[in-house]
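In my numbering, the protein residues as written are 6 to 272. Scroll down for the structure; my scribbles are underneath it.
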Ligand SMILES: Nc1ncnc2c1ncn2[C@@H]1O[C@H](COP(=O)(O)OP(=O)(O)OP(=O)(O)O)[C@@H](O)[C@H]1O
Ligand SMILES: [Mg+2]
């Protein structure tokens, strides 16, 4: 657990944390959505950009950020944003970059540059000031960022609502439920699971059962939908936007979040 977290919350038990969920929407840094991943490469950048496209289609001036990039991304958030017609400064979109293909903690040690959390938060605030909504590409809950600071500490510090992006096929139930249970331990309740890459590994039966079983075992966290594996997606972000727009649970969630943002502004 992060030091900051323990200092603020004390060593609360799993049960107490579950019984005392905090509503991230009430935090001091709203107007965004944090994407938790169940593993590396599950599609956070691609779907994050897709969500920005859906929001923009709803008339919301949205953008995204990848707070820490390690090892270089196949396609970067900035590249997707450019294709969506959003021209935010790449230094705000990805404030911390490391070449080493490893966790932020390991990459920062290898390259001798400490992770600068205040810089991430400043970049977020600047994007938030310029735009109406910021999709934040996080990562796995226990991805180490520093010796005593994990991805879930960053989520907690940013105080954003969150969803969990997982793979669609075998291993999904375990990865999604582990992630969700860890979030429960910290009193952060994800607003949904989004499964990505249906058909990539030909997991057939298990894959077809996963959404229903996850909805059952992961209740009360809903399954927002499944995105299929389509090799053309990386070159056609509008197709990803169209696929996400087809998922009523996704659009309803985004409407709820941005509606809440609008009413907060009106107050
Ligand atoms: N549904 C999909 N269909 C086709 N390709 C996909 C799909 N989802 C993701 N990809 C591709 O898989 C690769 C990994 O996806 P992406 O970079 O979005 O994952 P990530 O979770 O952001 O990875 P990282 O953990 O490295 O940040 C990319 O090349 C992306 O275009
Ligand atoms: Mg990524």
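We put the beta carbon where it would ideally sit given N, CA and C, even for glycine. Bear in mind the structure is a predicted one, so any value in this text is a computation, not a measurement.
- Inclusion of residue 197 and residue 229 in the CB contact set at 8 Å is warranted, their separation being smaller than that value.
- When C-alpha distances from residue 219 are compared across 175, 74 and 106, the shortest belongs to 175.
- Around residue 248, the same chain offers 232 as residues with beta carbons nearer than 6 Å, after the five sequence neighbours per side are excluded.
- Remark: C-beta atoms of residue 83 and residue 99 approach each other more closely than 8 Å.
- Residue 206 carries a coil assignment under DSSP once its states are collapsed to helix, strand and coil.
- Residue 115 sits exposed, since fewer than 16 C-beta atoms from the chains shown fall within 10 Å of its C-beta.
- Taking all protein chains shown into account, residue 69 has 16 or more neighbouring C-beta atoms within 10 Å of its C-beta and is therefore buried.
- Around residue 187, the same chain offers 146 as residues with beta carbons nearer than 6 Å, after the five sequence neighbours per side are excluded.
- Annotation: the continuous beta strand (DSSP E) that includes residue 150 extends over 149 to 151.
- Under DSSP, no beta-bridge partner is assigned to residue 156.
- Taking 7 Å as the cut-off, one finds at least one heavy atom of ligand 2 near enough to the beta carbon of residue 71.
- As a beta-bridge residue in DSSP terms, residue 103 pairs with 75.
- No Cβ-Cβ contact shorter than 8 Å links residue 38 with residue 111.
- Exposed is the label assigned to residue 213, since fewer than 16 other Cβ atoms lie within 10 Å of its Cβ.
- Judged by pairs of C-beta atoms under 8 Å, the segment 129 to 140 touches the segment 89 to 105, as three or more such pairs exist.
- If you draw a straight line from the Cα of residue 65 to the Cα of residue 259, it comes to about 10 Å.
- When secondary structure is reduced to three states using DSSP, residue 167 falls in the strand class.
- In this structure, the CA atom of residue 255 is about 32 Å from the CA atom of residue 151.
- Secondary structure of residue 80 (DSSP, three-state): coil.
- Assigned with DSSP and collapsed to three states, residue 231 falls in strand.
- For residue 188, the enclosing alpha helix (DSSP H) starts and ends at 177 to 190.
- Annotation: the continuous alpha helix (DSSP H) that includes residue 60 extends over 49 to 62.
- One alpha carbon belongs to residue 44, the other to residue 163, and they sit about 21 Å apart.
- By the neighbour-count definition (other C-beta atoms within 10 Å, threshold 16), residue 136 is a buried residue.
- For the 8 Å CB-CB criterion, residue 40 and residue 49 form a contact.
- Of the other Cβ atoms in all chains shown, 16 or more fall within 10 Å of the Cβ of residue 165; this residue is therefore buried.
- By DSSP's assignment, residue 68 forms a beta bridge with 139.
- Out of 244, 206 and 184, the CA that lies nearest to the CA of residue 88 is found in 244.
- The residues 54, 57, 68, 69, 92, 93 and 98, in chain order, have a CB closer than 8 Å to that of residue 86 in the same chain once the five nearest residues on each side in sequence are set aside.
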